[in-house]
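Heads up: the sequence shown runs through residues 6 to 226, numbered per the working numbering.
For each residue, glycine too, the CB sits at the ideal point set by N, CA and C.
Treat the numbers as computed from the prediction; the structure is a model and nothing was measured.
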Amino acid sequence: MKKVFLYIISAAMCLLLCSCGTTADTSVSENTDPDVEISSGAADENTESRQSESDSPNTAALEITEEGFKINEDIISELGMTYSQLIEKYGDPKGGIYNVYVFENGYGRYVWKSNEDRSFDNMETAGGCNMIDGVDIEKLFSISTYPISFDELVNRYGFVIDSVGDEIGMDNLYWSELTYPLYDNVSFIFAAAEYGSIDKDTSCCIIMNADCMDASPVLFD
6 MKKVFLYIIS
16 AAMCLLLCSC
26 GTTADTSVSE
36 NTDPDVEISS
46 GAADENTESR
56 QSESDSPNTA
66 ALEITEEGFK
76 INEDIISELG
86 MTYSQLIEKY
96 GDPKGGIYNV
106 YVFENGYGRY
116 VWKSNEDRSF
126 DNMETAGGCN
136 MIDGVDIEKL
146 FSISTYPISF
156 DELVNRYGFV
166 IDSVGDEIGM
176 DNLYWSELTY
186 PLYDNVSFIF
196 AAAEYGSIDK
206 DTSCCIIMNA
216 DCMDASPVLF
226 D
């Protein structure tokens, strides 16, 4: 069901891009090199170093840790944010259609997914954003070398595999879903050109597994 929804969202995003005249980040169903970027920092020191380099929170790649890996929690923290909270952070969106919005200096395409397929005329009533599509892998993960296999993500970094597509889809990509124990009800959906691994061009979609009306920000310890 998630894949079907993602294809629907991809189609909606094509309309969005045509309507607002901008090119968004990497599509879940295509490998492109768009202009919407994702997150800013997983830890305080990373956030401070980036903010000193640029006014935009997501122009610099994540700092590589001694362990060689870190998840950027700034992007995770945006799941569950309301439309108003995202406007407060980024300003008015550049464009939007069918519950999908793109913000200047945002991290991707922000989606309010309703289990009842509701379309919200007033986004103030839409609840929390529960999907961010078009996430830049290099800004989501700090990984020293690519490609990285799912086996390494599991055995070395603690991810859990929910499903790994072993057949290439109509978009010529392999679709997989992983979770991370620290983030309840959050899934990482990857659309990769190579089976069982991700590289710098892999598209990622982060989903909160809750209706947008029930979505609330992820809490960190």
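Look at residue i and residue j and say whether their C-beta atoms are less than 8 Å apart.
| i | j | result |
| --- | --- | --- |
| S124 | N104 | yes |
| I212 | M136 | yes |
| I194 | C217 | no |
| F164 | Y188 | no |
| I166 | L145 | no |
| V140 | I80 | yes |
| A220 | G85 | yes |
| F74 | S147 | yes |
| Y191 | V223 | It is Val, not Tyr, that sits at residue 191 in the sequence shown. Yes. Within cutoff. |
Just tell me which of the options has its CA closest to the CA of residue i.
| i | options | result |
| --- | --- | --- |
| I92 | C134, E121, S119, I76 | C134 |
| T4 | V116, G100, I102, F74 | Because the chain spans 6 through 226 in this model, residue 4 falls outside it and cannot be assessed. |
| K205 | E143, V191, I76 | E143 |
| I102 | K118, D79, K75 | K118 |
| A215 | N120, E83, G100, K94 | N120 |
| S208 | E78, R114, E83 | R114 |
Under a CB-based cut-off of 8 Å, is residue i close to chain B?
| i | result |
| --- | --- |
| S82 | In the structure shown, chain B cannot be found, because there is only a single protein chain. |
For residue i, which residues in the same chain have their Cβ closer than 7 Å to its Cβ, ignoring the five residues on either side in sequence?
| i | result |
| --- | --- |
| P98 | Y106, V107, F108 |
| Y162 | F74 |
| D122 | none |
| G170 | Y179, W180, S181 |
Hey, would you say the C-beta of residue i is under 7 Å away from at least one heavy atom of the ligand COA?
| i | result |
| --- | --- |
| L84 | Inclusion of the ligand COA in the displayed structure is not the case, the ligand content being empty and no account of it being possible. |
Tell me which residues share the same chain as residue i and place their Cβ nearer than 8 Å to its Cβ, disregarding the 5 neighbours each side in the sequence.
| i | result |
| --- | --- |
| E172 | Y179 |
| F129 | Going by the sequence as given, residue 129 is Glu instead of Phe. Closer than 8 Å at Cβ, skipping near neighbours: T87, Y88, S89. |
For residue i, which residues in the same chain have their Cβ closer than 6 Å to its Cβ, ignoring the five residues on either side in sequence?
| i | result |
| --- | --- |
| A47 | Because A47 sits at a pLDDT of 37, beneath the cut-off of 50, its placement in the model cannot be relied upon, and the point is left open. |
| E132 | Glu is not the amino acid found at residue 132; the sequence shown has Gly there. So the list reads C217, M218, A220, once near-sequence residues are dropped. |
Query raised in the report: Hey, is the region 141 to 155 in contact with the region 173 to 180, meaning 3+ C-beta pairs nearer than 8 Å?
Result: no
Report task. Mind listing, in chain order, the continuous beta strand (DSSP E) runs of no fewer than 3 residues lying wholly within the region 127 to 203? Result -> 136 to 141, 146 to 148, 165 to 169, 179 to 184, 191 to 197
Query raised in the report: Are the region 107 to 117 and the region 192 to 201 touching by the rule of at least three beta carbon pairs closer than 8 Å?
Result: no
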